[in-house]
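Chemist: For the sequence shown, this note's numbering assigns the number 463 to the last residue and increments by one with no breaks.
Cβ atoms here follow ideal geometry from the backbone N, Cα and C, with glycine treated the same way.
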Amino acid sequence: MVNKPKKIHFIGIGGVGMSGIALVAKSRGVEVSGSDMKESRATKRLVDAGVEVMIGHDAANLADDLDAVVISSAIPERNPELAAARKRGIPVWHRSQALASLGEGKKTLACAGTHGKTTTSSMLATTIDRMGLDPSFVIGGTVDGYDTNAKSGTGEYYIVEADESDGSFVHLSPHVALVTNIEPDHLDHYGSLEAIYDAFADFLSLLPDDGAAVVCADNPRLAQVARGVGKRTIVYGEKGSADCDVCFEVTGRRGLGYAFTVSFPDGTSVETEITKNPGRHNVLNATGVLGVVWACGLDVAQAARALATFSGVRRRFDLVGEEGGVVVVDDYAHHPTEIRATIEAASKLDFNHVHVLFQPHRYSRTESLAREFGPAFDEADSIIVMDVYPAGETPIPGITGKTVIDSILRHNPRQQVAWLPHRPEIIPFLLQRLSAGDLIITMGAGDVTAMAPLLTHALAGE
């Protein structure tokens, strides 16, 4: 890591990004400690790895001989540990700086974009690892088959999820950057879509002369941005898409997903499949992964075989249980585009009805994307909306879960919707409406995930 520190402390170590960085740093011989407000699966994994984790934030948690303190953008200046670190003159690094430093001496393969970056980076890490190349990776989700979001390998590749939410992804030094899409999000930070495009241009400008930008054909402006900063650009998409270099063609259904062929600019083509991740968007993600492999000069046939073993990411169309013929799935989708893609994929599966329990995430996002939420739920048979998960934000007057309900009904007055802001009423409401052959998706980036196992137990009569 930067200046090769021997001892570092993470404030908010239980966060999915922070915990991954801490695990990799620990595995590389750094003495790691950290604090968080509560115990979690992530903090338990850290403790099992030999990391000292303290519950609660207190200046006394900082050791006397720290070389650095790592924070995320979620940590306010008033945090007692951060205030103490500044007072003592301990170097304070942003999470993204620590993430970047772990890639020193390796080729960083960075997956970015408004949507799909966790799934895509997980696909890429699984593929590179199962090609026998032993990569390191730090990802914003738990990868199925690894039961972790981070790994320190001996190989030359370092795979990261590049988070654009606060603009800090410009601290990375990518060798190849995959960008899935760009849409309005995190407008509380950027202010406008143009500012987001500018940030991605800055990010892609970091690529070296022998690197590459791998960008999706569904967003033509992405290729313009990449070429505008003078970088080698590889466009991936569906066969027939304009300007497509690495192109997929679906050949049939496989499990929840699809079998498909992918062709490359040199005339090579491979066959592969994604069986546990429904939807065209996941075929696109997989095609982008093979585009990165091709850009690196690796064996695409071997990669296609490795990619076919990918089984998913926790909270991405994650099967929680099935009771009484009702299937319960949990999903992280919280932006209208993600919501639409997930529900459309579910609607193509063999269920009688698709129901969605949705928790809006952040007041600012609910306000800025209110209009877009309406059509996002078109393919759902019914939608139950909880109140907003604040994620640390101050409430905005007039912005609640009902904001989403109103948007849905303006778009489709006949849609079956319910606003249930009081959590105790949700399970009884669902039990009255779900029947054998139905799918229910708990959806959102907040604590709605806790409702999925509760509902599964309730369906079982427990």
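Would you kindly work out how many angstroms separate the C-alpha atoms of residue 47 and residue 18, rounded to a whole number?
Modeler: Looking up residue 47 in the sequence shown gives position 46. Looking up residue 18 in the sequence shown gives position 17. So the alpha carbons of these two residues sit roughly 13 Å apart.
Chemist: In the DSSP assignment, the alpha helix (DSSP H) including residue 337 goes from what residue to what residue?
Modeler: Along the sequence shown, read from residue 1 onward, the residue named residue 337 stands at position 336. Its alpha helix (DSSP H) spans residues 337-348.
Chemist: If we count Cβ pairs, one from each stretch, closer than 8 Å, do we get three or more for the stretch 302-310 versus the stretch 339-350?
Modeler: The answer is no - the stretch 339-350 does not touch the stretch 302-310, with fewer than three Cβ pairs under 8 Å.
Chemist: Which of helix, strand or coil does DSSP assign to residue 2?
Modeler: Mapped onto the sequence shown, residue 2 falls at position 1. For residue 2, the predicted structure reports a pLDDT of 48, less than 50, and the residue's modelled location is therefore unreliable. A value from the coordinates is still provided. Residue state, collapsed to three classes: coil.
Chemist: Straight-line CA distance for residue 3 to residue 72?
Modeler: Here residue 3 is taken as the residue at index 2 of the sequence shown, counted from 1. Here residue 72 is taken as the residue at index 71 of the sequence shown, counted from 1. Confidence at residue 3 is low in this model, with a pLDDT of 46, below 50, so the placement of that residue should be treated as unreliable; the coordinate-derived value is given next. Each residue's alpha carbon lies about 15 Å from the other.
Chemist: Return the CA-CA distance between residue 278 and residue 119, expressed in angstroms with no decimal places.
Modeler: Start at 1 with the first residue of the sequence shown, and residue 278 comes out as number 277. Start at 1 with the first residue of the sequence shown, and residue 119 comes out as number 118. If you take the alpha carbons of residue 278 and residue 119, they lie about 13 Å apart.
Chemist: Since I believe residue 35 is in contact with residue 23 (beta carbons under 8 Å), could you give me their beta-carbon distance rounded to a whole number of angstroms?
Modeler: If you number the sequence shown from 1, residue 23 lands on position 22. If you number the sequence shown from 1, residue 35 lands on position 34. About 6 Å; that satisfies the 8 Å criterion.
Chemist: If you scan the stretch 26-80 from start to end, which runs of the alpha helix (DSSP H) of 4 or more residues do you find wholly inside it?
Modeler: The qualifying runs are 42-49.
Chemist: Quick one: which unbroken alpha helix (DSSP H) runs of 4-plus residues sit fully inside the stretch 307-337? Chain order, please.
Modeler: You should have found no qualifying run.
Chemist: Helix, strand or coil for residue 452 per DSSP?
Modeler: Taking the sequence shown and counting its residues from 1, one reaches residue 452 at position 451. In the structure shown, residue 452 sits in a helix (DSSP, three-state: H, G or I).
Chemist: I'd like to know if the stretch 285-303 and the stretch 206-224 are in contact, where contact means that at least 3 CB-CB pairs between them fall below 8 Å.
Modeler: As far as the Cβ criterion goes, the stretch 285-303 touches the stretch 206-224, which means the pair count is three or higher.
Chemist: How is the beta strand (DSSP E) around residue 150 delimited, first residue to last?
Modeler: If you number the sequence shown from 1, residue 150 lands on position 149. Start and end: 149-152.
Chemist: Reducing DSSP to helix, strand and coil, say where residue 119 ends up.
Modeler: Your numbering for residue 119 matches position 118 in the sequence shown. It is helical.
Chemist: What would DSSP say about residue 190, mapped onto helix, strand or coil?
Modeler: Counting from 1 along the sequence shown, the entry for residue 190 is found at position 189. Residue 190: helix per DSSP, three-state reduction.
Chemist: For residue 59, does the count of other Cβ atoms within 10 angstroms reach 16, so buried, or fall short, so exposed?
Modeler: Position 58 of the sequence shown, counted from the start, is the residue given in the question as residue 59. Exposed, because fewer than 16 other Cβ atoms sit within 10 Å of the Cβ of residue 59.
Chemist: When you compare the stretch 161-180 with the stretch 93-107, are there three or more beta-carbon pairs, one atom per stretch, that lie closer than 8 Å?
Modeler: Contact between the stretch 161-180 and the stretch 93-107 is present, because at least three Cβ pairs lie under 8 Å.
Chemist: Quick one: is residue 433 buried, meaning 16 or more other Cβ sit within 10 Å of its Cβ, or exposed?
Modeler: Taking the sequence shown and counting its residues from 1, one reaches residue 433 at position 432. Exposed, because fewer than 16 other Cβ atoms sit within 10 Å of the Cβ of residue 433.
Chemist: Between the stretch 357-364 and the stretch 379-394, do at least 3 Cβ pairs fall closer than 8 Å?
Modeler: Short answer: they touch.
Chemist: Tell me the start and end of each unbroken beta strand (DSSP E) in the stretch 197-247 that is at least 3 residues and wholly inside, in chain order.
Modeler: You should have 213-217, 234-239.
Chemist: Closest to residue 272 by C-alpha separation, out of 368, 253, 369, 266, would be which residue?
Modeler: Counting from one through the sequence shown, the residue named residue 272 turns up at place 271. Cα-wise, what sits closest to residue 272 is 253.
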